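Chemist: Protein chains in written order, with the numbering used here: chain A, 1 to 138; chain B, 1 to 138; chain C, 1 to 93; chain D, 1 to 93; chain E, 1 to 116; chain F, 1 to 116.
Glycine included, each C-beta is placed from N, C-alpha and C at the ideal position.
All of these numbers come straight from a predicted model, not from anything done at the bench.
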Amino acid sequence: MNNLDPHSFTLVITGAPYSTQAPQTALSFAKAAIAAGHAIDRVFLYGDGIHLASALVTPPSDEPHWPKNWATFLEEHEVPGVACIASALRRGLVDDKEQKRYELDASNLRAPFTIAGLGEWVEGNIKSSRTLYFHGDR
Amino acid sequence: MNNLDPHSFTLVITGAPYSTQAPQTALSFAKAAIAAGHAIDRVFLYGDGIHLASALVTPPSDEPHWPKNWATFLEEHEVPGVACIASALRRGLVDDKEQKRYELDASNLRAPFTIAGLGEWVEGNIKSSRTLYFHGDR
Amino acid sequence: MNELHTLHILNKTPDHPRFGECLGMLGPDDAIVLIENGVLGLAAAEGFHSARVYALRDDVAARGLSGSTQATSLVDYSEWVGLTLQAERVISW
Amino acid sequence: MNELHTLHILNKTPDHPRFGECLGMLGPDDAIVLIENGVLGLAAAEGFHSARVYALRDDVAARGLSGSTQATSLVDYSEWVGLTLQAERVISW
Amino acid sequence: MAMLIIIDQPPYGGWTGREALDMAFSLAAFDQPVSLLFIGAGVNWLRTGQNTSGIEQKSVEKNLAAAPVFGIEDILADRISCERYGIAPPELADSVVLTDANAELLAQYSQAAFAG
Amino acid sequence: MAMLIIIDQPPYGGWTGREALDMAFSLAAFDQPVSLLFIGAGVNWLRTGQNTSGIEQKSVEKNLAAAPVFGIEDILADRISCERYGIAPPELADSVVLTDANAELLAQYSQAAFAG
Numbered sequence: 001m002n003n004l005d006p007h008s009f010t011l012v013i014t015g016a017p018y019s020t021q022a023p024q025t026a027l028s029f030a031k032a033a034i035a036a037g038h039a040i041d042r043v044f045l046y047g048d049g050i051h052l053a054s055a056l057v058t059p060p061s062d063e064p065h066w067p068k069n070w071a072t073f074l075e076e077h078e079v080p081g082v083a084c085i086a087s088a089l090r091r092g093l094v095d096d097k098e099q100k101r102y103e104l105d106a107s108n109l110r111a112p113f114t115i116a117g118l119g120e121w122v123e124g125n126i127k128s129s130r131t132l133y134f135h136g137d138r
Numbered sequence: 001m002n003n004l005d006p007h008s009f010t011l012v013i014t015g016a017p018y019s020t021q022a023p024q025t026a027l028s029f030a031k032a033a034i035a036a037g038h039a040i041d042r043v044f045l046y047g048d049g050i051h052l053a054s055a056l057v058t059p060p061s062d063e064p065h066w067p068k069n070w071a072t073f074l075e076e077h078e079v080p081g082v083a084c085i086a087s088a089l090r091r092g093l094v095d096d097k098e099q100k101r102y103e104l105d106a107s108n109l110r111a112p113f114t115i116a117g118l119g120e121w122v123e124g125n126i127k128s129s130r131t132l133y134f135h136g137d138r
Numbered sequence: 001m002n003e004l005h006t007l008h009i010l011n012k013t014p015d016h017p018r019f020g021e022c023l024g025m026l027g028p029d030d031a032i033v034l035i036e037n038g039v040l041g042l043a044a045a046e047g048f049h050s051a052r053v054y055a056l057r058d059d060v061a062a063r064g065l066s067g068s069t070q071a072t073s074l075v076d077y078s079e080w081v082g083l084t085l086q087a088e089r090v091i092s093w
Numbered sequence: 001m002n003e004l005h006t007l008h009i010l011n012k013t014p015d016h017p018r019f020g021e022c023l024g025m026l027g028p029d030d031a032i033v034l035i036e037n038g039v040l041g042l043a044a045a046e047g048f049h050s051a052r053v054y055a056l057r058d059d060v061a062a063r064g065l066s067g068s069t070q071a072t073s074l075v076d077y078s079e080w081v082g083l084t085l086q087a088e089r090v091i092s093w
Numbered sequence: 001m002a003m004l005i006i007i008d009q010p011p012y013g014g015w016t017g018r019e020a021l022d023m024a025f026s027l028a029a030f031d032q033p034v035s036l037l038f039i040g041a042g043v044n045w046l047r048t049g050q051n052t053s054g055i056e057q058k059s060v061e062k063n064l065a066a067a068p069v070f071g072i073e074d075i076l077a078d079r080i081s082c083e084r085y086g087i088a089p090p091e092l093a094d095s096v097v098l099t100d101a102n103a104e105l106l107a108q109y110s111q112a113a114f115a116g
Numbered sequence: 001m002a003m004l005i006i007i008d009q010p011p012y013g014g015w016t017g018r019e020a021l022d023m024a025f026s027l028a029a030f031d032q033p034v035s036l037l038f039i040g041a042g043v044n045w046l047r048t049g050q051n052t053s054g055i056e057q058k059s060v061e062k063n064l065a066a067a068p069v070f071g072i073e074d075i076l077a078d079r080i081s082c083e084r085y086g087i088a089p090p091e092l093a094d095s096v097v098l099t100d101a102n103a104e105l106l107a108q109y110s111q112a113a114f115a116g
């Protein structure tokens, strides 16, 4: 495999922002991959990583806003960002559809992230040249 | 100290539900303490533990609903449940007041939990006979 | 019952660095309560020096270790509450 | 450049059990990229056998380890991307 | 070639192992070849006689027993880890194969991943 | 007697250390006696020359330097952990005291806690 030819990546993030370094490392990797002419097929949030898609995260103003920075990146490069539905529901991340289905008082998913099943991960895994995982330290 | 006399506890939970066992262990401990005639002064959620106070957590119907079970316990025994504000804002847990202040689209704090500063922990620590910590495994 | 200086509440697997840190700070009049993944210390045959060792019955049962608890006193949540009050100090690892 | 069988991406502190698991599965034609807390492996003088060792420059700098990188190639994110494509397989520990 | 999903965390204290199993089941559901490797404290998944009623979680024994039925190819357990945690072969289900987790094992798979 | 806040995780890879420091600062702000103990990989907080611009986090060196000013009594570092991570006394700020983390040390405090 020649790494100068364009390739594609699926990135899986399992570490939460403000708890692990995973979202920062993954974003730096994603930007470098795009800069080298490669594509990011999709970003899949799994386990505690789903908190990256929260619309309500409000860090102190002098700290980077990782959910916002990631959302900007996804929009700019038209990369789908998908949070695993099973991980999300257990951890309190819901979109409007799940809000209605479970009769909850609010939804808190940040656009352009969407919620879907592990099938999205399987598909990314099949289609991409490489699938990379970004975990927390513990 | 005679452990038959009534005593009081502050419980600090730093592990998230559906990610660590901490909320289950802490609830079993709290119920046993009450059954033995002791009091729970307050429960303080810190770090990832703040996710226990989410109103949007929706586990599969055949799994225990830890935020709901904890809320029921707090109400029944009139125990204050407080989520650390710094931990909460960074992780996307906000009440109506913080929603307004930061112009967010929703709030997601489950009653009777409230959001306040680390001073609540310091006070509990001073007033209670014992302060116990419930962490995750990693 | 002897004096109980420090009660160590240990919920980490034996492979976790904090498990070793806990053993390094154990005193002769201390006791340990193994809870959650900490009960795996009974299976991994960790040495607990001279400290008294308790293990939370429900966590031992969940992990299929009810048969590996020779030198260990199984406690329920209520007895654990009592131990936290007997000790001069409690530390959760 | 030799063949690169497996690229091991290691972000755990040397005290984390997964750090040791990674070392146990290293092959002679493998390479490691130390990232995040994994770069502390340079300070703790871990043995990486014959594997090529890379470390992410930004994480090394953040941890004050820029002076402890003798046998290690520092890489930036772009070079790391290249390594993931050179390798036959990539594993994130 | 197949994916190897690695579980190095014990059940009940955390959710990572369950989420790893979900990943394996998903791959199998899409007819992607997948095997499981238990290593380190993860081998505690394989102990028999887990009674989880007191901690209000479902036992993982049944989930694991279903793995071959759902199309997961091999269930591997690292030999040294089993020794460390006192899990002897009679305790292992017929579907579990003892192995040595090393570079040769890894080379048999096109990908390997943890759930967290 | 004082509270001992223990930090056994290195900076930047996780937030637990920062949250431990916040706990110590809060106690000090309420005039409660508190000391810090760095042990295990936590001693990596004490290394000099941390340049964090590439990872977009604030360096913890300054936070820690402020600890005595804010009323934190002692900053202790476990001797063996410092040796393991190659942190030599010249690298340690004047306010940091090398100690042996053992039962005698713990006995000097009425409480001890981790942030997570």
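Thinking just about the alpha-carbon of each residue, which of C/ASP29, C/GLY82, C/HIS5, C/ILE35 is nearest to the one in C/PHE19?
Modeler: C/ILE35
Chemist: With C-beta atoms as the reference, is E/ASP74 less than 8 Å away from E/SER35?
Modeler: Cβ atoms of E/ASP74 and E/SER35: closer than 8 Å.
Chemist: Taking only the alpha-carbon atoms, compute the straight-line gap between B/PRO112 and B/LEU132 and give it to the nearest angstrom.
Modeler: 21 Å
Chemist: Helix, strand or coil: how does DSSP classify D/ASP15 here?
Modeler: coil
Chemist: Taking C-beta pairs closer than 7 Å, name the residues in chain F that A/ASP137 reaches, listed in chain order.
Modeler: GLY13, GLY14
Chemist: Could you name the residues of the same chain whose beta carbon sits closer than 8 Å to that of F/PRO68, not counting the 5 residues immediately before and after it, in chain order?
Modeler: ILE75, SER95
Chemist: So, does the CB of C/ASP15 fall closer than 8 Å to a CB anywhere in chain D?
Modeler: C/ASP15 counts as touching chain D.
Chemist: May I ask you to list, following chain order, the residues of the region 47-81 of chain B that have a beta carbon less than 7 Å from some beta carbon of chain A?
Modeler: ASP48, HIS51, SER54, ALA55, LEU56, VAL57, THR58, PRO59
Chemist: If you reduce the DSSP assignment to three classes, tell me which class B/THR25 lands in.
Modeler: In the three-state DSSP reduction, B/THR25 falls in the helix class (H, G or I).
Chemist: Please report the straight-line C-alpha distance between A/ALA88 and A/GLY117, rounded to a whole angstrom.
Modeler: 10 Å
Chemist: Please classify C/ALA62: does DSSP put it in a helix, a strand, or coil?
Modeler: helix
Chemist: State buried or exposed for B/ALA33, treating a residue as buried only when at least 16 other CB atoms are found within 10 Å of its CB.
Modeler: buried
Chemist: Going by DSSP, which residues form a beta bridge with C/THR69?
Modeler: Answer by DSSP bridge pairing: none, since C/THR69 is not bridged.
Chemist: Helix, strand or coil for A/TYR102? Go by DSSP, reduced to three states.
Modeler: coil
Chemist: Verify the CB distance criterion: does F/GLU61 have a CB-CB separation below 8 Å to chain A?
Modeler: no
Chemist: Using three-state DSSP, classify E/MET23 as helix, strand or coil.
Modeler: helix
Chemist: Along chain A, which residues have their Cβ under 9 Å away from the Cβ of B/ALA106?
Modeler: ALA55, LEU56, ASP105, ALA106, SER107, ASN108
Chemist: Which residues of the region 16-36 of chain A have a Cβ closer than 7 Å to any Cβ of chain F? Give them in chain order.
Modeler: TYR18, SER19, THR20, GLN21, GLN24
Chemist: With distances taken Cα to Cα, identify the nearest neighbour of B/PHE134 among B/HIS7, B/TYR46, B/TYR18.
Modeler: If we check each option's Cα against that of B/PHE134, B/TYR46 comes out closest.
Chemist: Rank D/LEU4, D/ALA51, D/SER68 by C-alpha distance to the C-alpha of F/GLY49 and give the top, closest one.
Modeler: D/SER68
Chemist: Which value, in whole angstroms, describes the spacing of the CA atoms of F/PHE38 and C/ALA71?
Modeler: 33 Å
Chemist: Return the CA-CA distance between F/ASP100 and A/GLN21, expressed in angstroms with no decimal places.
Modeler: Those two C-alpha atoms are separated by around 30 Å.
Chemist: Going by CA-CA distance only, name the one from F/PHE114, F/GLU104, F/ALA113 that's closest to C/GLY27.
Modeler: For the residues F/PHE114, F/GLU104, F/ALA113, the minimum Cα distance to C/GLY27 belongs to F/GLU104.
Chemist: Let me see if you follow: with CB-CB separation under 8 Å, is A/SER129 close to chain D or not?
Modeler: yes
Chemist: Ignoring anything shorter than 3 residues or poking outside the region 66-96 of chain F, list the beta strand (DSSP E) runs there in chain order.
Modeler: 75-78
Chemist: Rounded to whole angstroms, what's the CA-CA distance from A/ILE13 to E/ASN51? Just pull it up for me.
Modeler: Each residue's Cα considered, the two are about 33 Å apart.
Chemist: Within 8 Å of any Cβ in chain B, is that where the Cβ of F/GLY116 sits?
Modeler: yes
Chemist: Tell me which same chain residues have a C-beta within less than 8 Å of the C-beta of A/MET1, skipping the five on either side of it?
Modeler: In this prediction, A/MET1 has a pLDDT of 49, which is less than 50 and means its spatial position is unreliable; what the coordinates show is noted afterwards. Same-chain partners within the cutoff: HIS7, SER129.
Chemist: Determine, using beta carbons only, whether F/ILE7 and D/ASP58 come nearer to each other than 8 Å.
Modeler: no
Chemist: Let me confirm a value: A/ARG101 is counted as buried when at least 16 other C-beta atoms fall within 10 Å, else exposed. Which label applies?
Modeler: exposed
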